[in-house]
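Using UniProt numbering, the first residue of the sequence shown is number 1, and each one after it goes up by one.
Report on the following structure.
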Amino acid sequence: MVMYRWDPRSSVVTPEEDVFYLVAFLRSALDTETLEYLTNQNRQILRFCHGSEIKVKQYLPHYTTQKEWMDHFGDKWTQFNARKMQFDPRRILATGQQIFQFHPSSALTTKDDDM
């Protein structure tokens, strides 16, 4: 029997390797200029990793397209999408992450309206 540290039924995104490392930068910005500097530094780090083919996953990513989210979830995208359709078919939850297209008109209708 093979044991995994992560339940493969979960939506958590982990690297494909059995062993992986977490690197966290815990910093704070006290003003807008510092925040902009740190944001640019984070982008440089991610570009370096991408260019060096270092596989990374952001803990709290800010993606703006569904394609970026699909890449983030990788092999788990199909499972994640199926769960979204099962538990939130109207796509009314978590609209701010821009993972799924939100249609306000579908949020106003209910199953009773279809009868």
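Glycine residues also receive a C-beta, built at the ideal position from the N, C-alpha and C atoms.
If we define contact as Cβ-Cβ less than 8 Å, is Pro-61 a contact residue for chain C? Absent from the structure is chain C; it holds one protein chain and no more.
How would you label Ile-54, buried or exposed, when you count the other beta carbons within 10 angstroms and need 16 or more for buried? Around the beta carbon of Ile-54, a 10 Å sphere encloses fewer than 16 other beta carbons of the protein chains shown; the residue is thus reported as exposed.
Less than 8 Å between the C-beta atoms of Gln-66 and Ile-99, yes or no? In this structure, Gln-66 places its C-beta atom within 8 Å of the C-beta atom of Ile-99.
So Glu-68 is in the alpha helix (DSSP H); what residue range does that whole segment cover? Unbroken alpha helix (DSSP H) run through Glu-68: 66-73.
For Gly-51, report the span of its alpha helix (DSSP H) as first-last. Residue range 32-51 is occupied by the alpha helix (DSSP H) that includes Gly-51.
Under the three-state reduction of DSSP, which class applies to Met-115: helix, strand or coil? For Met-115, the predicted model reports a pLDDT of 47, less than 50, meaning its position is unreliable; a value from the coordinates is still stated below. The answer is coil: DSSP assigns Met-115 none of H, G, I, E or B.
Nearest-angstrom Cα separation, counted from His-50 out to Asn-81: Distance between the alpha carbons of Asn-81 and His-50 is about 25 Å.
Helix, strand or coil for Gln-97 per DSSP? Helix.
For the alpha helix (DSSP H) containing Gln-58, list its first residue and its last residue. Segment: none, Gln-58 is in no alpha helix (DSSP H) and carries neither H nor E.
CB-CB length for Val-23 against His-72, believed under 8 Å: Contact between Val-23 and His-72 does not hold, since their C-beta atoms are separated by about 17 Å, which reaches or exceeds 8 Å.
Start-to-end residues for the alpha helix (DSSP H) that takes in Ala-82: It spans 77-87 - the alpha helix (DSSP H) in which Ala-82 sits, taken as one unbroken run.
Within its chain, find whatever has a CB closer than 6 Å to the CB of Met-115; leave out the 5 residues flanking it on each side and keep chain order. Because the pLDDT of Met-115 is 47, which lies under 50, any placement of that residue in the model is unreliable, and the number read from its coordinates should be weighed accordingly. Counting only Cβ-Cβ distances below 6 Å, and skipping sequence neighbours, we find nothing.
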